[in-house]
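Presented below is the structure to which this report refers.
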Amino acid sequence: MTYAIIEAGGTQLRVEPGRFYDINRLTAGDDGKYVIDKVLLINHDGEITVGQPTIEGATVEGTVLSELRGRKVLVYKMKPKKKTRKKRGHRQELSRLMIDSISLSGTVLSKAEARAESVSDDSEDESGEEE
């Protein structure tokens with residue numbers, strides 16, 4: 003199992019190919035591809051490579067699937083014995099990032115498996131006709 007620890011959006015994440023993660027809003031290109039070069043650690047089949055602070059030549063490639071907003075956080079300020087109350091909300095802007103591959107010095111260590119989504123023909127069964 004190959005995984006990497008990256009720094010993206012001001013946080014550090016443990017990422018694996020084929021999984022998606024919600025991180026702070028990223029500015030991706032028109033095709034949605036995003037390359038992260040701040041890789042702090044790579045574990046490839048038990049062989050651990052640690053950077054100081056980052057690994058030179060290591061990249062994690064991903065695709066931005068969607069732009070979304072996080073759950074609302076309410077902030078309520080009140081001063082007792084005064085009629086002062088403030089209620090504010092905040093929703094963090096997030097990007098859903100699917101990790102495609104982890105590479106080190108140009109060689110791809112691990113790549114996401116292509117998932118073939120098969121569409122079953124259930125339209126005949128749900129037609130409402132009884133036998």
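Residue numbering for the sequence shown follows this note's numbering, beginning at 3 and increasing consecutively. All C-beta atoms, glycine included, are put in the ideal place defined by N, C-alpha and C.
Taking residue i as the reference, give the member of the options with the closest Cα.
| i | options | result |
| --- | --- | --- |
| Ile50 | Glu115, Lys88, Ala6, Val110 | Ala6 |
| Thr109 | Phe22, Glu63, Tyr23 | Glu63 |
| Arg73 | Ser107, Ala10, Asp24 | Asp24 |
| Arg27 | Arg71, Val37, Lys85, Glu115 | Arg71 |
| Asp32 | Ala114, Thr65, Leu106 | Thr65 |
| Val52 | Leu43, Val37, Ser107, Glu58 | Leu43 |
| Ile38 | Thr56, Gly48, Thr61, Pro19 | Thr61 |
| Lys35 | Glu18, Ala116, Ser103 | Ser103 |
Could you give the DSSP three-state label for residue i: helix, strand or coil?
| i | result |
| --- | --- |
| Ile38 | strand |
| Met3 | coil |
| Ser107 | coil |
| Glu133 | Caution applies to Glu133, whose pLDDT of 46 falls short of 50 and renders its modelled position unreliable; the value that the coordinates give is listed next. It is coil, neither helix nor strand. |
| Glu115 | coil |
| Lys85 | coil |
Can you find the residues in the same chain that come closer than 6 Å, C-beta to C-beta, to residue i, ignoring five residues on each side of it along the sequence?
| i | result |
| --- | --- |
| His92 | Val75 |
| His46 | Thr4, Leu111 |
| Val77 | Arg90 |
| Lys79 | Lys88 |
| Gly59 | Ser107 |
| Gln94 | Gly72 |
Using a Cβ-Cβ cut-off of 8 Å, state whether residue i counts as contacting chain D.
| i | result |
| --- | --- |
| Leu28 | Absence of chain D from the displayed structure is noted, only one protein chain being present. |
Mind checking who residue i pairs with in its DSSP beta bridge?
| i | result |
| --- | --- |
| Thr51 | Ile44 |
| Asp24 | Arg98 |
| Ala60 | Leu106 |
| Leu76 | Gly91 |
| Leu15 | Ile8 |
| Thr29 | Answer is none; Thr29 lacks a bridge partner. |
| Leu70 | Leu96 |
Leaving out five residues before and five after residue i in sequence, what residues of the same chain have Cβ atoms less than 8 Å from its Cβ?
| i | result |
| --- | --- |
| Phe22 | Leu67, Arg98, Leu99, Met100, Ile101 |
Which residues in the same chain have their Cβ closer than 7 Å to the Cβ of residue i, if we skip the five residues on either side of it in sequence?
| i | result |
| --- | --- |
| Gln54 | none |
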